[in-house]
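Visitor: My structure is below; once you've seen it, I'll send some questions.
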Amino acid sequence: MLPGDKSISHRYAMLAGFAKGTSRLTNFSTGEDPHSSLGCMVAMGAKVTSVGKTIEVTGTAGVLAQPKSGLDCGNSGSTMRMLAGLVAAQDGVYRFTGDESLTVRPMERIRGPLEQMGAHIELTDGHAPMTVRGGLLHGIDFEAPIASAQVKTAVLFAGLQAAGTTSIAEKVRTRDHSEHALRAFGATLERKDERLSITGGQQLHAIDVTVPGDMSSAAFFLCAALLFEDSNLVLDSLGMNPTRATLLDVISAMGGVIKVLDVAEQHGEMVGTIQVNRGRVLRGVDISGALAAQLIDELPVLAAIAPYTTTGMKIRDAKELRVKESDRIALVVKNLRAMGAEVSEHEDGMDIPGGQTLRGGMIDSGFDHRIAMAFSIAALRAEGETTIHGAEAASISFPEFFTWLEELAVR
Ligand code: S3P
3 MLPGDKSISH
13 RYAMLAGFAK
23 GTSRLTNFST
33 GEDPHSSLGC
43 MVAMGAKVTS
53 VGKTIEVTGT
63 AGVLAQPKSG
73 LDCGNSGSTM
83 RMLAGLVAAQ
93 DGVYRFTGDE
103 SLTVRPMERI
113 RGPLEQMGAH
123 IELTDGHAPM
133 TVRGGLLHGI
143 DFEAPIASAQ
153 VKTAVLFAGL
163 QAAGTTSIAE
173 KVRTRDHSEH
183 ALRAFGATLE
193 RKDERLSITG
203 GQQLHAIDVT
213 VPGDMSSAAF
223 FLCAALLFED
233 SNLVLDSLGM
243 NPTRATLLDV
253 ISAMGGVIKV
263 LDVAEQHGEM
273 VGTIQVNRGR
283 VLRGVDISGA
293 LAAQLIDELP
303 VLAAIAPYTT
313 TGMKIRDAKE
323 LRVKESDRIA
333 LVVKNLRAMG
343 AEVSEHEDGM
353 DIPGGQTLRG
363 GMIDSGFDHR
373 IAMAFSIAAL
383 RAEGETTIHG
393 AEAASISFPE
403 FFTWLEELAV
413 R
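Residue numbers for the sequence shown follow this note's numbering, so the first one is 3 and each next one is one higher.
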């Protein structure tokens, strides 16, 4: 069973920690990032115990304690941005810190709407360390200027506690796990056309839930399956939420053959079993516009296998990649070149010609989990050995990655 989805685990950790009662979260992500979210909830009064594959979280019934020291978000932008929304309506001062990578990631994007709602947020040159001075909030109508599920979530979590109604309009529909999670914990949200709204003063209640497998982690093996004839990959308990499953359409467009063997709904999330085989040819695709936002976490691995496709890949409108755990455009380009590939860099993407042969090389992960894993997949088809510096970063989202790779490879 694939480890639990990182995005969903963050939300369940936060909402279980905020709800009234004891929630049971099964198949919670083993990644370090969602554990940063759990740790912060504990620092604010939630109680967490592990019982086998289940994590029991006793929530704070909507009142977060003032943490004794700062809230350490580690490498996790999701933790820092989404929790900012949750604490913004609380009566207290919350200081957020993170590691070197998180300390240079943009936080203005949450400060804008949360201050409009009445919170006070101090940043350091637009970044963490960040101090949120919470208090009584009022609802706003927010037009999201960038496609970001984290920003949407921060506003929803603040809106859950604000006076009146908060509404959010997105130009590009981002992952909707927060909407499903809030409803699962008992909140009411409305959607009219492109506008989502939530009314404040709602109490959340504990639930028992299983976290679906992570599509963005599965992406590495799905892409690996495309590289080898006769590969046959079956993944069960896979999260197939339509806002996360664009990768499956891309894989089909590249010539992969995907069969959905079953699918069901769990607390609003689609969960299923799929089988993937490689088709006769591996074609490239062009990714831009809304597609780039929907595939944002999968772009590094798609780019890493692009040289092996017949027609190559053009990626545009993916400037957000530059402000992830690393500058993922710069690092993908650098590492493809280290493997002997031809690639041209653009401000918002890259062009990678197809029909190339790669050789093993020295890879710089930049301590970015997705870069480390993406180039492990590129290395599978390269001539010679590849060394990945900072490969241990995989544990941010997928500590079992190298064990799985070892087990799935046929030599
Ligand atoms: C996430 C949203 C995306 C994604 C990140 C997780 C989430 O970031 O890249 O890995 O869980 O909401 P943005 O919302 O900032 O684009």
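Think of the CB as a built atom: it goes at the ideal place given N, C-alpha and C, for glycine as much as any other residue.
Is R177 helix, strand or coil by DSSP?
Guide: R177: coil per DSSP, three-state reduction.
Visitor: Please give me, in chain order, every unbroken run of the beta strand (DSSP E) with length at least 3 that falls completely inside the region 153-209.
Guide: 167-171, 191-194 and 197-201
Visitor: DSSP three-state call for H122: helix, strand or coil?
Guide: strand
Visitor: With burial defined as no fewer than 16 other Cβ atoms inside 10 Å of the residue's Cβ, what is the status of H391: buried or exposed?
Guide: exposed
Visitor: Would you kindly work out how many angstroms separate the C-alpha atoms of M256 and F20, rounded to a whole number?
Guide: If you draw a straight line from the Cα of M256 to the Cα of F20, it comes to about 43 Å.
Visitor: In the DSSP assignment, find the beta strand (DSSP E) that holds E34 and state where it starts and stops.
Guide: Run containing E34: none in the beta strand (DSSP E); it sits in the alpha helix (DSSP H), E34 to A45.
Visitor: Any idea what DSSP makes of I317, helix, strand or coil?
Guide: strand
Visitor: How about I200 and L162: do their beta carbons lie closer than 7 Å?
Guide: yes
Visitor: Would you say the beta carbon of A151 comes nearer than 6 Å to a heavy atom of the ligand S3P?
Guide: yes
Visitor: Only counting the same chain, and skipping five residues up and downstream in sequence, which positions put a Cβ closer than 6 Å to that of D366?
Guide: H391
Visitor: Mind pulling the alpha helix (DSSP H) runs of 4 or more residues that sit fully within the region 316-395?
Guide: 330-340 and 371-382
Visitor: So what does F403 bridge to, in DSSP terms?
Guide: Bridge partners of F403: none, in fact.
Visitor: Provide the residue(s) that pair with R97 in DSSP beta bridges, ordered along the chain.
Guide: T133
Visitor: Quick one: measure Cβ to Cβ for V213 and T28, integer angstroms, because I've assumed they're closer than 8 Å.
Guide: 7 Å
Visitor: In terms of alpha-carbon separation, which member of G362, E387, L297 and A343 lies closest to R372?
Guide: L297
Visitor: Taking 7 Å as the cut-off, decide whether the C-beta atoms of M315 and A306 are in contact.
Guide: No, they are not a contact pair.
Visitor: Spatial neighbours of A381 within its chain, please: C-beta separation below 7 Å, excluding the five flanking residues on both sides.
Guide: G362 and T388
Visitor: Note down the Cα distance separating T81 from G351, rounded to an integer number of angstroms.
Guide: 26 Å
Visitor: Tell me the DSSP secondary structure of T245 in three-state form.
Guide: If DSSP states are grouped into helix, strand and coil, T245 belongs with coil.
Visitor: For G188, which residues from the same chain have a beta carbon less than 6 Å from its beta carbon, with the 5 sequence-adjacent residues on both sides left out?
Guide: L206 and H207
Visitor: When the Cβ atoms of the region 174-182 are set against those of the region 233-246, are three or more pairs found closer than 8 Å?
Guide: yes
Visitor: Look at the Cβ atom of G136, then the Cβ atom of E110, and state whether they are nearer than 7 Å.
Guide: Not in contact: G136 and E110 (Cβ atoms no closer than 7 Å).
Visitor: Decide if N337 is buried, meaning its Cβ has at least 16 other Cβ atoms within 10 Å, or exposed.
Guide: Burial state of N337 is buried, judged by a 10 Å Cβ sphere holding 16 or more other Cβ atoms.
Visitor: To the nearest angstrom, how far is it from the Cα of H122 to the Cα of D93?
Guide: 12 Å
Visitor: With hydrogens ignored, establish whether the beta-carbon of S239 is closer than 6 Å to any heavy atom of the ligand S3P.
Guide: no
Visitor: Can S328 and K8 be called in contact, C-beta distance under 7 Å?
Guide: no
Visitor: Counting pairs of Cβ atoms below 8 Å between the region 35-42 and the region 57-76, do you hit three or more?
Guide: At 8 Å Cβ cutoff, the stretches touch.
Visitor: Return the chain-ordered list of same chain residues with a C-beta closer than 6 Å to the C-beta of T24, the five sequence neighbours on each side being excluded.
Guide: Once the five neighbours on either side are set aside, the close Cβ partners of T24 are E58, T60 and A208.
Visitor: Is it the case that the CB of D178 approaches a heavy atom of the ligand S3P more closely than 6 Å?
Guide: It does not: the Cβ of D178 is nowhere closer than 6 Å to a heavy atom of the ligand S3P.
Visitor: Under 7 Å Cβ to Cβ from T105, same chain only, skipping five residues before and after it: list those, please.
Guide: H129 and A130
Visitor: Starting from N234, follow its DSSP beta bridges and name the residues at the other end.
Guide: Beta-bridge annotation (DSSP): N234 is paired with N279.
Visitor: Go to L66, then tell me how far its alpha helix (DSSP H) extends in each direction, as first and last residue.
Guide: Here L66 belongs to no alpha helix (DSSP H), and DSSP marks it neither H nor E.
Visitor: Comparing alpha-carbon positions, which option in M364, K326 and R193 lies nearest G79?
Guide: K326
Visitor: How would you write the range of the beta strand (DSSP E) that F20 sits in, first residue to last?
Guide: That residue, F20, is in no beta strand (DSSP E); its alpha helix (DSSP H) goes K8 to F20.
Visitor: Note down, in chain order, each residue of its chain lying with its Cβ closer than 6 Å to the Cβ of K321, except the 5 sequence neighbours on either side.
Guide: D350
Visitor: Measure the C-alpha to C-alpha separation of G342 and V283 and round it to an integer number of angstroms.
Guide: 22 Å
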